[in-house]
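Numbering follows the numbering used here, in which position 660 of the sequence shown is assigned residue number 669; successive positions increment by one, without gaps. These notes are about the structure you will find just below.
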Amino acid sequence: GSDYPVRAANVGIPGVEPITSTRLTLDGVFTPCVKIPLGSVFTGERYKDSGCTEADGSGEYEKQTGRSRAFLTLPTGCTGPLRSTVYADSYQEPRKHISEYVKRESVTVNPAGEPVNLTGCSTLQFPPSVRVTPDTSDASTPSGLIVGVEVPQKAALNPFGLAESSLRDTTVTLPEGVALNPAGGNNLEACTADPSALSQAQENEGVFGTPGDEIGFKGDRELNHQFEEGVQWTTFSPQESSPLRPGLNFCPDASKIATVKVKTPLLEHELEGAMYLAAQNANPFGSLVAMYMVVEDPYSGSLIKLAGEVSLSATGQIVTRFENTPDLPFEKLEIHFFGGERAPLTTPPRCGTYTTKAVFTPWDGNAPVTSESSFTIDRGPSGGPCPGAGLPFNPTLAAGMVNNQAGALSPFTMTMSREDGEQSLKSISMKMPPGLSGLLTGVELCAERQANEGLCSSNSLIGETTVSVGVGGDPYTVKGGKVYLTGPYEGAPFGLSIVNPAKAGPFDLESTPTNHPACDCLVVRAKIEVDPVTADLTVTSDSEGPYKIPPVIDGIPLEIKHVNVTINRAGFTFNPTNCKPLGITGSIDSTEGTAGPVSVAFQAANCATLAFKPKFSVGTSSHTSRTDGASLDVKLSYPKAPFGSQANTKSVHVELPRQLPSRLTTLQKACTDAVFNANPANCPVASRIGSATATTPILPVPLSGPAYFVSHGGAKFPELIIVLQGYGTTIQLHGETFISKAGITSSSFNTVPDLPVGSFELRLPTGPHSALAANGDLCTEKLAMPTTFNAQNGAALEEKVPISVQGCRPELRVLRHHVKGKRATLVVSVPSAG
10 GSDYPVRAAN VGIPGVEPIT STRLTLDGVF TPCVKIPLGS VFTGERYKDS
60 GCTEADGSGE YEKQTGRSRA FLTLPTGCTG PLRSTVYADS YQEPRKHISE
110 YVKRESVTVN PAGEPVNLTG CSTLQFPPSV RVTPDTSDAS TPSGLIVGVE
160 VPQKAALNPF GLAESSLRDT TVTLPEGVAL NPAGGNNLEA CTADPSALSQ
210 AQENEGVFGT PGDEIGFKGD RELNHQFEEG VQWTTFSPQE SSPLRPGLNF
260 CPDASKIATV KVKTPLLEHE LEGAMYLAAQ NANPFGSLVA MYMVVEDPYS
310 GSLIKLAGEV SLSATGQIVT RFENTPDLPF EKLEIHFFGG ERAPLTTPPR
360 CGTYTTKAVF TPWDGNAPVT SESSFTIDRG PSGGPCPGAG LPFNPTLAAG
410 MVNNQAGALS PFTMTMSRED GEQSLKSISM KMPPGLSGLL TGVELCAERQ
460 ANEGLCSSNS LIGETTVSVG VGGDPYTVKG GKVYLTGPYE GAPFGLSIVN
510 PAKAGPFDLE STPTNHPACD CLVVRAKIEV DPVTADLTVT SDSEGPYKIP
560 PVIDGIPLEI KHVNVTINRA GFTFNPTNCK PLGITGSIDS TEGTAGPVSV
610 AFQAANCATL AFKPKFSVGT SSHTSRTDGA SLDVKLSYPK APFGSQANTK
660 SVHVELPRQL PSRLTTLQKA CTDAVFNANP ANCPVASRIG SATATTPILP
710 VPLSGPAYFV SHGGAKFPEL IIVLQGYGTT IQLHGETFIS KAGITSSSFN
760 TVPDLPVGSF ELRLPTGPHS ALAANGDLCT EKLAMPTTFN AQNGAALEEK
810 VPISVQGCRP ELRVLRHHVK GKRATLVVSV PSAG
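Structure (structure tokens):
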């Protein structure tokens with residue numbers, strides 16, 4: 010921790026003759042071996058290990074020939090006078106240093122006692138370089154990554170020259186395309202240790218021990234103190250008493266993301282250790298991503314620990330910074346980030362040469378040095394061919410009902426997938442087959458504010474989601490997403506609020522400086538459009554704005570591979586009653602503007618088991634005139650039966666009797682299709698010929714609205730279009746009008762939606778703009794309407810429906826009459842109904 014200074018302890022000072030002062034001089038030059046006589050306090054084995062030679066087999070050792078080495082090195086940064094600190098303990102109050110030890114600080118001074126700064130830093134050499142190599146040259150692949158830093162130390166231990174400057178700050182910018190991989194979150198943990206432990210020196214109370222304390226340094230088992238009986242030096246291992254023990258009480262092994270090796274001229278052996286993922290936000294930088302480097306030399310007990318900040322651009326480019334690293338020399342640093350399917354990093358998506366830029370700042374105060382390293386991606390994912398200028402985009406769709414029984418209630422499931430190396434997902438649009446819909450009755454429509462905040466109630470819940478993210482064959486799967494039905498959204502009558510967790514292992518992307526919603530979630534919105542003619546549903550997610558599918562969250566590319574949506578609210582979605590081959594179609598769009606059309610075959614089954622028994626009644630009024638024409642009232646009803654047991658109507662054809670012809674003056678005042686398509690409410694009053702009301706178990710309210718004559722030019726007779734509205738929904742029933750040469754008017758409704766209906770009523774009243782005229786007295790003839798009903802399952806019902814005439818005068822019948830003189834007697838019969 011901190012500056013890693015040299016620390017020495019003088020333990021067990023004799024107390025018989027109090028010491029008033031002591032002076033220690035370190036030569037600064039290390040001679041590997043000196044002649045050691047027998048009986049020395051140091052045994053021969055220690056010097057044998059140091060490379061000394063035994064002179065004559067007597068146990069005495071002597072210095073080897075060769076040049077000396079530097080024993081002490083000064084800092085390479087001229088940041089002020091050198092500062093030293095002395096701590097002392099006493100016999101009278103032993104171990105008081107723990108809380109109230111005597112502490113004295115001093116700085117280097119000249120003979121006059123004036124502080125002296127280090128000088129000459131600008132003359133030091135500083136030749137660092139960087140090397141970055143991925144484990145694979147395949148594009149869009151999870152990969153390990155080797156990052157090597159070299160600072161040659163040719164003169165570091167030269168006692169007669171200047172060492173190279175030490176490295177203070179390092180900034181490494183990886184090339185665009187090398188990104189964090191969400192799949193690496195599988196089984197990954199974060200190091201939640203107190204960040205302050207990184208800057209704490211590894212103190213040990215025994216360093217200032219009293220006679221009898223066990224104190225010393227690892228490897229010094231052979232040393233025996235001779236000054237006072239009972240005072241003994243034994244092994245002291247910083248690892249055993251340190252408050253920082255990686256894998257035990259500092260960073261869990263599951264937070265390890267890389268191995269680290271460091272070679273320094275100061276130590277005979279390399280330091281080895283690991284890089285650990287620091288806890289999000291709870292790190293020295295308060296950042297989303299940070300790393301802890303912990304390396305140690307098990308031979309000397311040296312321990313180095315550093316914190317590194319990781320910054321992510323909006324596109325996911327990675328920049329790492331290690332600042333104020335110790336002013337100590339090292340020759341090589343190698344970090345090897347783990348590979349495999351759960352590697353924390355991914356290679357770029359395109360082939361080409363990619364360059365890493367490193368900026369090294371020395372302690373000597375001179376300008377930073379820039380170094381670059383390049384690698385090549387020369388194959389596509391899984392060793393395939395390189396992609397072209399544009400990445401491919403071939404998404405797939407799997408969708409359908411769990412139970413395909415015609416008319417049955419069943420969960421609906423949809424899964425979208427894309428492969429590694431393809432363009433990222435932006436939005437999804439999916440059109441359901443005719444008749445596949447949902448029962449809105451009993452479902453609360455979530456309000457706009459709650460929908461945007463992801464705070465809809467359970468009464469609006471209709472389904473759930475599962476999303477898999479990351480590159481490689483083992484993506485990270487996020488479960489627990491919720492789908493809520495909302496009110497009007499983006500001009501459509503209904504919408505969806507899709508609420509997804511955004512957690513991958515130790516990363517909580519719902520709680521970042523730029524993303525911290527109240528729901529602790531990620532919200533995606535979609536609109537549900539209803540085709541006014543067929544009632545087909547089209548669901549489209551936002552492609553822009555804050556509620557679109559995000560390709561990147563706070564610099565982490567999601568690389569979405571699978572999205573599953575299951576609408577599983579009990580008694581909600583239901584099948585068509587038409588068993589012809591249909592399809593689910595749509596488009597999956599990418600962030601690069603490519604549309605990927607998708608389609609899935611769909612077909613309901615067992616339609617023949619569905620009943621079809623509609624009841625139809627028609628009535629008119631005897632009160633007709635040339636000015637106001639004639640009226641017509643139509644009522645259609647279906648028997649009460651269990652949901653899904655009845656086939657829905659597909660088409661209706663009716664023929665009016667010749668006594669009720671179309672009124673040509675009204676037909677001539679039909680609304681133009683241009684005006685009608687823009688807004689039916691702007692159609693002329695004369696084109697509005699009636700009104701209708703329908704009930705359906707799908708909606709909690711009836712649908713009602715006007716009936717219009719709409720002209721399409723001279724191509725055909727004006728259509729009868731009935732506009733039904735309610736609960737934000739609009740349905741149009743289009744009836745093709747035809748008038749035969751015999752004056753018979755017929756209407757054909759060929760596109761009745763495949764939806765359950767409870768009842769339907771149409772009223773065409775009399776008036777100056779009535780749809781029908783009357784030929785003769787309607788009370789004198791029996792009127793009938795030939796009608797054909799076709800069901801969605803192929804069943805047909807043909808009948809002549811009698812037309813009842815309301816308001817006819819009672820019939821008078823002469824039974825006998827008698828004339829006598831000027832008086833006459835007439836006997837008539839009057840029906841009781843009259």
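Ideal placement from N, C-alpha and C gives every residue a C-beta, glycine not left out.
| request: For the alpha helix (DSSP H) containing T847, list its first residue and its last residue. | output: No answer is possible for residue 847: the residues shown for the chain start at 10 and end at 843.
| query | From P706, P261, G416 and F347, pick the residue whose C-alpha is nearest to that of N615; which is it? | reply | Translated into the one-based positions of the sequence shown, residue 615 becomes position 606. That would be G416, whose Cα lies nearest to the Cα of N615.
| Where A164 and A121 are concerned, what is the direct C-alpha to C-alpha distance, given to the nearest angstrom? | Position 155 of the sequence shown holds residue 164. Position 112 of the sequence shown holds residue 121. The alpha-carbon atoms of A164 and A121 are separated by roughly 32 angstroms.
| request: To the nearest angstrom, report how far apart R697 and P819 are at their CA atoms. | output: As a first step, residue 697 must be located in the sequence shown, where it is residue number 688. As a first step, residue 819 must be located in the sequence shown, where it is residue number 810. For R697 and P819, the distance between alpha carbons rounds to 34 angstroms.
| query | What number of angstroms, rounded off, separates the C-alpha of I597 from the C-alpha of I437? | reply | In the sequence shown, residue 597 corresponds to position 588, counting from 1. In the sequence shown, residue 437 corresponds to position 428, counting from 1. Between I597 and I437, the C-alpha separation is close to 5 angstroms.
| field | Segment contact flag, the stretch 772–791 with the stretch 640–648, C-beta cutoff 8 angstroms, min 3 pairs | value | yes
| What is the residue span of the beta strand (DSSP E) that V684 lies within? | Walking along the sequence shown from the start, residue 684 turns up at place 675. Per DSSP, V684 belongs to no beta strand (DSSP E); it is in the alpha helix (DSSP H), D682 to A687.
| request: Return the chain-ordered list of same chain residues with a C-beta closer than 8 angstroms to the C-beta of S749, the five sequence neighbours on each side being excluded. | output: Locating residue 749 in the sequence shown gives position 740, counting from the first residue. Here the set comprises S755.
| Can you list, in chain order, the stretches of the alpha helix (DSSP H) that have 4 or more residues and sit fully within the stretch 765–800? | none
| message | Do S383 and V139 have their beta-carbon atoms positioned less than 8 angstroms apart in this structure? | response | Position 130 of the sequence shown, counting from 1, holds the residue named residue 139. Position 374 of the sequence shown, counting from 1, holds the residue named residue 383. The answer is no: Cβ separation not under 8 angstroms.
| Does the beta-carbon of G21 have 16 or more other beta-carbons within 10 angstroms, so that it is buried, or is it exposed? | In the sequence shown, residue 21 corresponds to position 12, counting from 1. The residue is buried, with at least 16 neighbouring Cβ atoms inside 10 Å.
| Sequence-distant residues of its chain with Cβ nearer than 6 angstroms to R413 (five each side left out) | As a working mapping, residue 413 is identified with position 404 in the sequence shown. In the sequence on display, residue 413 carries Asn and not Arg. Closer than 6 angstroms at the Cβ level, and outside the excluded window around N413, lie A613 and A614.
| said: Tell me the DSSP secondary structure of Q459 in three-state form. | reply: Along the sequence shown, read from residue 1 onward, the residue named residue 459 stands at position 450. Looking at Q459 - three-state DSSP - the assignment turns out to be helix.
| E198: which of S757, G514 and P184 sits nearest, CA to CA? | If you number the sequence shown from 1, residue 198 lands on position 189. Ranking the options by Cα distance to E198, first place goes to G514.
| query | Is it true that the CB of V160 sits closer than 8 angstroms to the CB of A367? | reply | Here residue 367 is taken as the residue at index 358 of the sequence shown, counted from 1. Here residue 160 is taken as the residue at index 151 of the sequence shown, counted from 1. Against a cut-off of 8 angstroms, the Cβ pair of V160 and A367 comes out as no contact.
| request: Rank Y485, G482, T475 and T450 by C-alpha distance to the C-alpha of N468 and give the top, closest one. | output: For this step, residue 468 is matched to residue 459 along the sequence shown. It is T450 whose Cα lies nearest to the Cα of N468.
| Do the stretch 552–560 and the stretch 422–440 meet, that is, are 3 or more Cβ pairs less than 8 angstroms apart? | yes
| Looking only at C-alpha atoms, which of Y13, C360, V533 and A79 sits nearest to P555? | Locating residue 555 in the sequence shown gives position 546, where the first residue counts as 1. For P555, the nearest C-alpha among the options comes from V533.
| Leaving out the 5 sequence neighbours to the left and right, which residues in its chain are closer than 7 angstroms to E279 when beta-carbon positions are compared? | Taking the sequence shown and counting its residues from 1, one reaches residue 279 at position 270. Answer for E279: K270, V271 and K272, listed in chain order.
| request: Give the DSSP-derived three-state secondary structure of K270 in the structure shown. | output: On the sequence shown, residue 270 is found 261 positions in, with the first residue counted as 1. DSSP places K270 in strand when its eight states are reduced to three.
| said: Using a Cβ-Cβ distance cut-off of 8 angstroms, determine whether Q741 contacts chain B. | reply: Of the chains in the structure shown, none is chain B; there is only one protein chain.
| query | How do the stretch 385–401 and the stretch 144–162 stand: do at least 3 beta-carbon pairs fall below 8 angstroms, yes or no? | reply | yes
| field | Cβ shell of P261 (< 6 angstroms), same chain only, five flanking positions each side left out | value | For the purposes of this step, residue 261 is taken as the residue at position 252 of the sequence shown. Once the five neighbours on either side are set aside, the close Cβ partners of P261 are E198.
| Beta-bridge pairing of L641 - partner residues as DSSP gives them | As a working mapping, residue 641 is identified with position 632 in the sequence shown. Paired residue(s): L773.
| task | List the whole-angstrom C-beta distance separating S626 from V810, where the pair is believed to meet the contact cut-off of C-beta under 8 angstroms. | result | Stepping through the sequence shown from its first residue, residue 626 is reached at position 617. Stepping through the sequence shown from its first residue, residue 810 is reached at position 801. Yes, they are in contact, since the Cβ atoms of S626 and V810 sit about 7 angstroms apart, within 8 angstroms.
| message | Quick check on T450: does DSSP put it in helix, strand or coil? | response | By one-based count along the sequence shown, residue 450 stands at place 441. Note: T450 maps to coil in three-state DSSP.
| Limits of the unbroken beta strand (DSSP E) element including A263 | Taking the sequence shown and counting its residues from 1, one reaches residue 263 at position 254. A263 -> no beta strand (DSSP E), and no H or E assigned at all.
| request: Scan the stretch 471–495 and note each continuous beta strand (DSSP E) run of 3 residues or more that stays entirely inside, going in chain order. | output: 485–495
| request: Leaving out five residues on either side along the sequence, give the residues of the same chain with a beta carbon under 6 angstroms from the beta carbon of P84. | output: Taking the sequence shown and counting its residues from 1, the one referred to as residue 84 is at position 75. These residues qualify, in order along the chain: D336.
| query | Where does T365 sit, in a helix, a strand or coil, going by DSSP? | reply | Residue numbering aside, residue 365 sits at position 356 when the sequence shown is read from its first letter. DSSP places T365 in strand when its eight states are reduced to three.
| Length of the line joining the Cα atoms of P357 and G325 | Here the question's residue 357 lines up with position 348 in the sequence shown. Here the question's residue 325 lines up with position 316 in the sequence shown. So the two alpha carbons sit approximately 11 angstroms from each other.
| Cut-off 6 angstroms between Cβ atoms - residues of its own chain near E601, not counting five sequence neighbours on either side | Indexing the sequence shown from 1 puts residue 601 at position 592. Answer for E601: Q432, listed in chain order.
| Taking Cβ positions, are D373 and G193 nearer each other than 8 angstroms? | For the purposes of this step, residue 373 is taken as the residue at position 364 of the sequence shown. For the purposes of this step, residue 193 is taken as the residue at position 184 of the sequence shown. In this structure, G193 does not lie closer than 8 angstroms to D373 by Cβ.
| Meets three-Cβ-pair contact criterion under 8 angstroms: the stretch 731–746 and the stretch 793–801 | no
| With which residues is S174 paired in a DSSP beta bridge? | By one-based count along the sequence shown, residue 174 stands at place 165. The partner list for S174 (beta bridge, DSSP) is empty, contrary to what the question assumes.
| message | Give me, in chain order, the residues of the same chain whose beta-carbon lies closer than 6 angstroms to that of T590; leave out the 5 immediate sequence neighbours on both sides. | response | Along the sequence shown, read from residue 1 onward, the residue named residue 590 stands at position 581. Reading the sequence as shown, one finds Pro at residue 590 and not Thr. If we look at P590 and ignore the five residues flanking it on each side, its Cβ neighbours are Q612.
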